[in-house]
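Everything below concerns the one structure shown next.
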Amino acid sequence: MLNSKQIRSGFIDFFRGKGHQFVPSSPIVPVGDDTLLFANAGMNQFKDIFLGLTAPEYDRVVNSQKCLRVSGKHNDLEEVGKDGYHHTFFEMLGNWSFDDYFKAEAIEWAWELLTEVWGIKSESLWATFFAGDKADSLPRDEQAERLWTKVTPISADRVLAFGRKDNFWEMGSTGSCGPCSEIHIDLGPGMCDKKGVKGHRCGVNAGCGRFIELWNLVFIQYNRGEDGKLAPLGAKYVDTGAGLERIAAVMQNKKSNYDTDLFMPIIGSIGEITGHKYTSQLGNRIDNAFRVVSDHVRSVTFAITDGAMPSNEGRGYVIRRI
1 MLNSKQIRSG FIDFFRGKGH QFVPSSPIVP VGDDTLLFAN AGMNQFKDIF LGLTAPEYDR
61 VVNSQKCLRV SGKHNDLEEV GKDGYHHTFF EMLGNWSFDD YFKAEAIEWA WELLTEVWGI
121 KSESLWATFF AGDKADSLPR DEQAERLWTK VTPISADRVL AFGRKDNFWE MGSTGSCGPC
181 SEIHIDLGPG MCDKKGVKGH RCGVNAGCGR FIELWNLVFI QYNRGEDGKL APLGAKYVDT
241 GAGLERIAAV MQNKKSNYDT DLFMPIIGSI GEITGHKYTS QLGNRIDNAF RVVSDHVRSV
301 TFAITDGAMP SNEGRGYVIR RI
């Protein structure tokens, strides 16, 4: 069983072996970017490259980015504690290609690492791709659809098409964007947290804890202008992200991210201080509180370390609220 440090280093070493340059995580408090309160994705420090404002120093990059999602479009603050896989602070393992390799290699290498290196059962994995969008005259991503069954052994019935909500990534209302292809894992019927909910059926992107997204492969190939229209970029980029916490839960055979070595030392300390016992149950008020406090302790610790102090405004107010 791999611990979280081994998973992180294994990811980085795997892509180093594929010719990627390791680049350290940027601080949670963005440097020179007033559009963000906090770094919320691995691509933040490479944004100027995607926008064509800066030439990349390397063609291929790998890193583990500290992320905080507590505001704006990416805000998981209200979801923390209710399930076993949402966090405000998390680490995003990522690999990038700056006009070098594209969809085939991104798909093949992600599958190789998950199944051949880490030994995750291939029959538990599902893949998704972009179904197209009439409003933007975007075609179905048939290339990604074909590649999944060409460069991996996955069966065609486990490669599913979804619309822009799930499978089209955008930097913001303007800027670089493109279709994405996600890898999901089926954790089994016992992990469904919506049993008894009328009309619920377990499935990829169905919103329950049975099917969890492990890795998102984004193929950046368009730019959305100020007029809202899309135009092809002069270069093509790959931007992928896999949550360390979710990978750790799978690799350590835990029902929840909070049961991994990333959280249990904190949860153990909370138990000693409060006199309560954590039982890893969903819907339990005490266990929910354990998850919220352990998550928020990590978030505040990393945020303050990177220079965000509690205050009455801006990012300081967010930290104070947490």
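Going by full-length UniProt numbering, the first residue of the sequence shown is number 1, and it counts up by one from there.
Glycine is no exception: its CB is placed at the ideal position from the N, C-alpha and C atoms.
Residue i, enclosing beta strand (DSSP E) - first and last residue
i    : result
H184 : G175 to D186
T240 : L230 to G243
F263 : No beta strand (DSSP E) holds F263; DSSP gives it neither H nor E.
Q221 : F211 to R224
E91  : F89 to F98
A156 : Neither: A156 is in no beta strand (DSSP E) and is coded neither H nor E.
Where residue i sits in the DSSP three-state scheme
i           : result
V61         : strand
I273        : helix
residue 328 : The shown model of the chain, from 1 to 322, leaves out residue 328, and the question about it has no answer.
K83         : The residue you asked about is not Lys; residue 83 is Asp in the sequence shown. DSSP places D83 in coil when its eight states are reduced to three.
E170        : strand
K66         : strand
A248        : helix
D227        : coil
L51         : coil
D13         : helix
A144        : helix
Q21         : strand
L138        : strand
Distance between beta carbons of residue j and residue i, contact taken as under 8 angstroms
i           : j    : result
G234        : V29  : Between V29 and G234 the Cβ distance is about 32 angstroms, and since that is not below 8 angstroms, they are no contact.
L244        : S4   : 6 angstroms
I322        : S294 : Wrong, their Cβ atoms sit about 12 angstroms apart, outside the cutoff.
D136        : L230 : 6 angstroms
G314        : L37  : 7 angstroms
E145        : V159 : 6 angstroms
Q221        : G178 : 5 angstroms
A131        : A106 : In fact, because the Cβ distance is near 19 angstroms, the residues do not count as touching under 8 angstroms.
V151        : E108 : 4 angstroms
residue 360 : T301 : Nothing can be reported for residue 360: it is not among the residues displayed for the chain, which extend from 1 to 322.
F102        : K277 : Incorrect: roughly 50 angstroms between the Cβ atoms, too far for contact.
K66         : A39  : 7 angstroms
Proximity below 9 angstroms, CB of residue i to CB of residue j
i    : j    : result
V204 : T274 : no
F22  : I12  : yes
L187 : F219 : no
K198 : G207 : no
V117 : N95  : no
E91  : S26  : no
I154 : L113 : no
L282 : K82  : yes
I304 : L93  : no
G172 : C192 : no
Own chain residues within Cβ distance below 7 angstroms of residue i, not counting five before or after
i           : result
residue 364 : Since the first residue shown for the chain is 1 and the last is 322, residue 364 is missing from the structure and cannot be characterised.
E213        : E182 and H184
I270        : F290, V293 and S294
S216        : In the sequence as displayed, the identity of residue 216 is Asn instead of Ser. Hits under 7 angstroms: C180, E182, T240 and G241.
T54         : D48
A156        : T149
Cβ shell of residue i (< 8 angstroms), same chain only, five flanking positions each side left out
i    : result
A249 : G84, Y85, K255, S256, N257, D259 and T260
Residues near residue i in its chain [Cβ-Cβ closer than 6 angstroms; skip 5 each side]
i    : result
P265 : none
R298 : F89
S122 : T115
L77  : V70 and T88
D59  : F98 and D100
L2   : M251
Residue range of the alpha helix (DSSP H) that includes residue i
i           : result
N288        : R285 to T305
F38         : Careful: F38 lies outside any alpha helix (DSSP H) and carries neither H nor E.
F129        : Counting along the chain, F129 falls outside any alpha helix (DSSP H), though it belongs to the beta strand (DSSP E) covering L125 to F130.
A110        : K103 to W111
residue 323 : No answer is possible for residue 323: it lies beyond the span of the chain, which begins at 1 and ends at 322.
Proximity test, residue i beta-carbon vs the ligand PLP heavy atom, cut-off 8 angstroms
i   : result
T35 : Absence of the ligand PLP is noted for the structure shown, with no ligands found whatsoever.
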